[in-house]
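Visitor: This is the structure I want to talk about, given as structure tokens.
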Amino acid sequence: MNQTVIETVQTLCRKGNRDSVLTVFQNFPEHFSCIPLNDSNVESKQAINDLLRENVILNGVKFFSGHGELFLESLRQVVEILSKSPAYKGHRTGSEIVERVLCKASRTTSGSDSYFTVQQLFTNSDYLLKKRSERPPAINVEVFLVDNSIHSVVACANYYGLFSLDEIEAESQTFAVHTPRAWLRLDTMVVEKTDYLTGRNVRYLRVDTPDLPSSQQQSQEQGEGGAGAGGGGGIAAAVATPDLPSSQQQSQEQGEGGAGAGGGGGTAAAVAAATAAGAGSGAGARTPPPRENGAVAFGGGGGGGGGPGGGRSGLGSKTSSGNSGWAPAPANLSPNGFFGDRAASASASAP
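To convert, take the position in the sequence shown, counting from 1, and add 2; that gives our numbering.
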């Protein structure tokens, strides 16, 4: 990240010049879209404990908190099928890949890394950085087979706010029970992409703010994946028909209701999605769109492309009921293709 931009933002925060901070976000989005991070580092036991209480999307299928065991079983079956495919030429076993995917999906490590990075960039003695009250969208996990290798793409969002210490102190003196309004809201997304054949791993942080005027925000996010809203439904509702042309598929899926939170439905859908993703080759091969509460959410394919479900790409639709899904373009492991990023590539290392 450009040091001049960092110093400018820090100076503006110290001066309390919020409008100018937003102008920096508006004019230099590339400086906040691909901030390199070290590889995820968390124990498997902690990662599993994290995921058991999370909403998780696996290959377009949403598993609600409380269905963690079903998600784990689905992930194991998806990876087992892919690792036994004749097309897979990697040396890692299915259990090794599952363990690494779980660690990459841990909110403990993504939350820690995003918090301390944002704190370094924006905070000073006048403001306190803390999580906002809104629940972030589901963790998105995609596992697929392409070019003789199993790949994973994991994205985890966290929402923060800069709060004025003066306002916090004033509120405490009035014995108010509500939290003061954030001086600046910051949405973060940690993305980690791994190729289990070559060992290439890319992990980076995107920082955005929903405080930009809506027209500017939409302009900044054009070309990124969409987020969807959902009605009622269950885990088994996410089975798609990948053989249909995309326009027919969207037409067929819009307005569909859920099919209930049922047994092996989530597993079957996740496996079907992984198979569909592997059927494509090169940039643009992707899984069926994720569903939320039984409704479809369309994202960008091949490293871009907005979708009719899109409100806040990757960070959750502000118009959705509940949490929003997110659909990355799985075949593109370049950080420049992800989110439509224009920043330089992040450092790569073994997972």
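Beta carbons are placed, not taken as given, at the ideal position from N, Cα and C, and that holds for glycine.
(1) Kindly list the residues whose CB is nearer than 6 Å to the CB of R78, restricted to its own chain and excluding five residues on each side of it in sequence; keep chain order.
(2) Using the three-state DSSP reduction, which class does R183 fall into: helix, strand or coil?
(3) I'd like to know whether the C-beta atoms of Y161 and D189 end up nearer to each other than 8 Å.
(4) Using only CA atoms, which one of L39, I50, T10 lies nearest to V26?
(5) Any idea what DSSP makes of R16, helix, strand or coil?
(6) For L2, which residues in the same chain have their Cβ closer than 6 Å to its Cβ, ignoring the five residues on either side in sequence?
(7) Less than 8 Å separating the beta-carbons of S108 and D52?
(8) Could you have a look at F118 and say whether DSSP puts it in helix, strand or coil?
(9) Closest to N61 by CA distance: which of E171, A157, V204 is it?
(10) In the DSSP assignment, what residue or residues form a beta bridge with V193?
(11) In terms of residues, what are the limits of the alpha helix (DSSP H) holding E45?
(12) What is the DSSP secondary structure of L84, counted as helix, strand or coil?
(13) For R20, which residues in the same chain have their Cβ closer than 7 Å to its Cβ, ignoring the five residues on either side in sequence?
(14) Which of the three DSSP states is assigned to G113 in this structure?
(15) Residue range of the alpha helix (DSSP H) that K106 falls in?
(16) With distance defined between alpha-carbon atoms, name the residue in E144, L123, P212, T6 nearest to V80.
(17) Under three-state DSSP, which class holds N4?
(18) Whose C-beta lies closer than 8 Å to the C-beta of V7 among residues of the same chain, with five residues either side of it excluded?
(19) Determine the extent of the beta strand (DSSP E) in which Y129 is found, giving its start and end residues.
(20) In the DSSP assignment, what residue or residues form a beta bridge with I2?
(21) Looking at the structure shown, is T10 part of a helix, part of a strand, or coil, going by DSSP?
(22) What number of angstroms, rounded off, separates the C-alpha of R183 from the C-alpha of R134?
Guide: Well, looking at it:
(1) V100
(2) coil
(3) yes
(4) T10
(5) helix
(6) Shown here, the chain extends from 3 to 353; a query on residue 2 therefore has no answer.
(7) Yes.
(8) helix
(9) Closest in alpha carbon position to N61, among E171, A157, V204, is A157.
(10) A157, Y206
(11) Here E45 belongs to no alpha helix (DSSP H), and DSSP marks it neither H nor E.
(12) helix
(13) W185, L186
(14) helix
(15) Residues 96-106.
(16) E144
(17) coil
(18) V26, F30, H33
(19) 129-133
(20) Since the first and last residues shown for the chain are 3 and 353, residue 2 lies out of range.
(21) helix
(22) 10 Å
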